[in-house]
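Numbering (this note's numbering), first residue to last: -9 to 158. Take a look at the structure set out below.
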């Protein structure tokens, strides 16, 4: 499995990966998450254009997973990481997070952050195993608070969520 920056031609495939990965939420009683539409190609293109979109590709150079990130509160915030179910449980997500951590170190960024569901096994418990820790309310910066407000407005607070951080 090779990780590289996303190309424009990859972007529709990233939407397919997101839809497939989201289907797992249906199995745990979160159909609203499964049915949530992925980011548009134009939105994904912004990440690709800024150099903050990575893909894990198979031997044919086709994406099987992706990660996009934004600068937030002086850190790199994982906006989305999705692995196609056919490539899950092989360390692909962990490798994408590792690539983002390398980018952060080279860029002088102190940490990675993300927001995630507390009780979904492949969310907060998984990120904890990857070295992320849950932030206390006092540790959440203004940018991360704004993200949480947008998530709440989108209905994501129907299920418990947390902000997490991994120092690099």
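The C-beta atom is built at its ideal place from N, Cα and C for all residues, glycine as well.
Inset, instruction - Compare the beta carbon distance of residue 55 and residue 82 with 7 angstroms and say whether it is the shorter of the two. - result: Result yes, Cβ atoms of residue 55 and residue 82 sit closer than 7 angstroms.
Inset, instruction - Tell me whether the beta-carbon of residue 0 lies closer than 7 angstroms to the beta-carbon of residue 53. - result: By the CB criterion at 7 angstroms, residue 0 and residue 53 fall inside the cutoff.
Inset, instruction - Would you check if the distance between the CB atom of residue 124 and the CB atom of residue 67 is smaller than 7 angstroms? - result: Not a contact, by the Cβ cut-off of 7 angstroms.
Inset, instruction - Decide if residue 92 is buried, meaning its Cβ has at least 16 other Cβ atoms within 10 Å, or exposed. - result: Answer is exposed; the Cβ neighbour count stays below 16.
Inset, instruction - Please classify residue 74: does DSSP put it in a helix, a strand, or coil? - result: Three-state result, residue 74: coil.
Legend entry - 3 or more residues per run - each beta strand (DSSP E) lying fully within the segment 94 to 144: Secondary structure in the segment 94 to 144: the beta strand (DSSP E) runs of 3 residues or longer, each lying completely within the stretch, are 101 to 107 in chain order.
Legend entry - Delimiting residues of the alpha helix (DSSP H) encompassing residue 1: Its alpha helix (DSSP H) spans residues 1 to 12.
Legend entry - Own chain residues within Cβ distance below 7 angstroms of residue 106, not counting five before or after: Non-local beta-carbon contacts of residue 106 in its own chain, meaning distances under 7 angstroms to residues more than five positions away in sequence, involve 113, 114, 117, 151, 152 and 154 in chain order.
Inset, instruction - Go ahead and label residue 47 buried or exposed: buried means 16 or more other beta carbons lie within 10 angstroms of its beta carbon, across all protein chains shown. - result: Its Cβ being crowded by 16 or more others within 10 Å, residue 47 is buried.
Legend entry - Length-filtered (4 minimum) alpha helix (DSSP H) runs lying within the segment 27 to 55: The segment 27 to 55 contains these whole alpha helix (DSSP H) runs: 31 to 40.
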